[in-house]
Amino acid sequence: MKSMEQKTKTVSKEADYLRALYQDWSDRMEANPNMTIADFRSLFDEWEKPTLEPEDVTYKTDTVGGVDVIWAYPIGCDKSKVLIYTHGGGFAVGSSSSHRKLAGHMAKALGVSSVVLDYRRSPENPFPAQLEDAAAVYKALLASGIKAKDIGTIGDSAGGNLAVSSVLKFRELGLELPGFVIAFSPWLDMELTGSTLESNAATDALISVPLLEGMIAMFIGDDSTKVRDPLANPLHADFNGYPPLYINAGGAEMLLDDARRLHARAAEAGVQATLSVVDGMQHVFPFLAGRAPEADEEVSRIAAWYRALQK
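First residue of the sequence shown? That's 533 in my numbering, and the numbers climb one at a time after it.
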């Protein structure tokens, strides 16, 4: 079960764009402690800024399984193979608009299509509404004739949680499981026990424990028992029989320990699990696709991993 630490002497100038954006958000949130959920959503829709537009990718607005989505179709892609992309944003912010370019880069690198979900967000729609939407899309794709083995779940941060936990939900529903799972900087631990929440606090420009606590309150409400529900906190899940899993994270981020623990739990269950940690990188550094070499190299590593799975 592979674990890779990608060492860099210095973070590239291009990669610092993401750190600077996150610091700007943090400063704006601190300056406006009474920010409304609408304000938060407007802020986090700026997440598309670091990602350069992928060349030769077209997009289509659609509804799949009753869920609003954006399809990313790289020119010449195999439309019979699909990435189900669940965006990050603490289950409450982020959107298909903020993530479509990143989904486009991933689809292009793998030679497949990608469908980015506008799943129902908290606090208006708390857990497990997000998983229900992911399951509805998955069942609709299967009903359309797409094979389970040709579908992968992928997501970042809270969406990385959903990429992992949606497969657990599919298993609970008795569905055939998808071919693979990709998780960028997954936020998994609703109990906030990770060691890097403290050790990386000085280097993470976005995440803070109060921010996570606020997102948890919106996601699961007042029922404290849900913080250990495997569908909300996959660190408590049984990974026996789980599909091949690729996890990445930035070495500078506070949620790094979530990625490490997921890799360890999956490996213990015999899952074909790969962990890639890139030194000095911020939360969900693949957002720098097309802009920074660290992100483009990571996308290439994922594409090579995917091609190896197909053999």
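The beta-carbon is built from N, C-alpha and C at its ideal position, and this holds for glycine as well.
On a predicted model such as this, the values are computed, not experimentally measured, just so you know.
Residue i, buried or exposed, once every other Cβ within 10 Å from all chains shown has been counted against 16
i: S832; result: exposed
i: E785; result: buried
i: E800; result: exposed
i: D770; result: exposed
i: D754; result: exposed
i: D736; result: buried
i: A733; result: exposed
i: G608; result: exposed
i: V741; result: exposed
i: A570; result: exposed
i: E708; result: exposed
i: D594; result: exposed
i: E826; result: buried
i: P565; result: exposed
i: S854; result: The chain is shown only over 533 to 843; residue 854 falls outside these bounds and no answer can be derived.
i: Q814; result: buried
i: K640; result: buried
Extent of the continuous alpha helix (DSSP H) run through residue i
i: N765; result: Counting along the chain, N765 falls outside any alpha helix (DSSP H), and DSSP gives it neither H nor E.
i: G636; result: 628-642
i: G692; result: 690-704
i: V669; result: 661-675
i: D828; result: 825-842
i: S574; result: 569-576
i: I748; result: 741-752
i: T728; result: 728-731
Neighbourhood of residue i by C-beta distance below 7 Å, restricted to the same chain and skipping five residues each side
i: K866; result: Lying outside 533 to 843, the shown extent of the chain, residue 866 is not represented and no answer is given.
i: A668; result: G597, G598, V599
i: R652; result: A661, Q662, D665
i: R560; result: L575
i: V577; result: For clarity, residue 577 is Asp in the given sequence; the question names Val instead. These residues qualify, in order along the chain: S627, S629, S630.
i: S558; result: A737, L738
i: E730; result: none
i: N693; result: P718, W719, L720, P766
i: L744; result: L724
Beta-ladder partner(s) of residue i, from DSSP
i: N780; result: F716, S808
i: A547; result: Answer is none; A547 lacks a bridge partner.
i: I602; result: T593, V648
i: E585; result: Its beta-bridge partners do not exist; DSSP assigns none.
i: T685; result: I616, V713
i: Q538; result: V810
i: D610; result: V644
Selection from the options that minimises the alpha carbon distance to residue i
i: K611; options: L642, G746, H631, G621; result: L642
i: E829; options: A666, M638, E708; result: M638
i: E656; options: S558, M747, L550, W837; result: M747
i: S676; options: T542, T735, K613, N693; result: K613
i: G783; options: R551, A680, L705; result: R551
i: E704; options: N772, K534, S645; result: N772
i: L553; options: D571, L575, T542; result: L575
i: S697; options: Y549, P660, R793; result: P660
i: A824; options: D559, V543, K534; result: V543
i: E537; options: G812, N564, A563; result: G812
i: K679; options: I686, S654, F712, K701; result: F712
i: F702; options: L763, L788, A749, K592; result: L763
i: T728; options: L788, N693, D588, V601; result: L788
Proximal residues to residue i (C-beta, below 6 Å), its chain only, five neighbours per side dropped
i: T590; result: Y605
i: H631; result: H619, V648
i: A635; result: A604, Y617, S646, V648
i: R760; result: H768
i: A798; result: F771, L777, A805
i: S689; result: G620, S717, W719, V816
i: E723; result: V759
N- and C-terminal bounds of the beta strand (DSSP E) containing residue i
i: T590; result: 589-596
i: D789; result: Counting along the chain, D789 falls outside any beta strand (DSSP E), though it belongs to the alpha helix (DSSP H) covering 788-800.
Same chain, Cβ closer than 8 Å to residue i, neighbours up to 5 away in sequence not counted
i: A791; result: A715, S717, P718, I779, N780, A781, L807, V809
i: P710; result: I616, Y670, A680, K681, I683, G684, T685, V699, F702, P775
heavy atom of the ligand SAM below 8 Å from residue i C-beta
i: R551; result: Because no ligand of any kind appears in the structure shown, any question about the ligand SAM cannot be addressed here.
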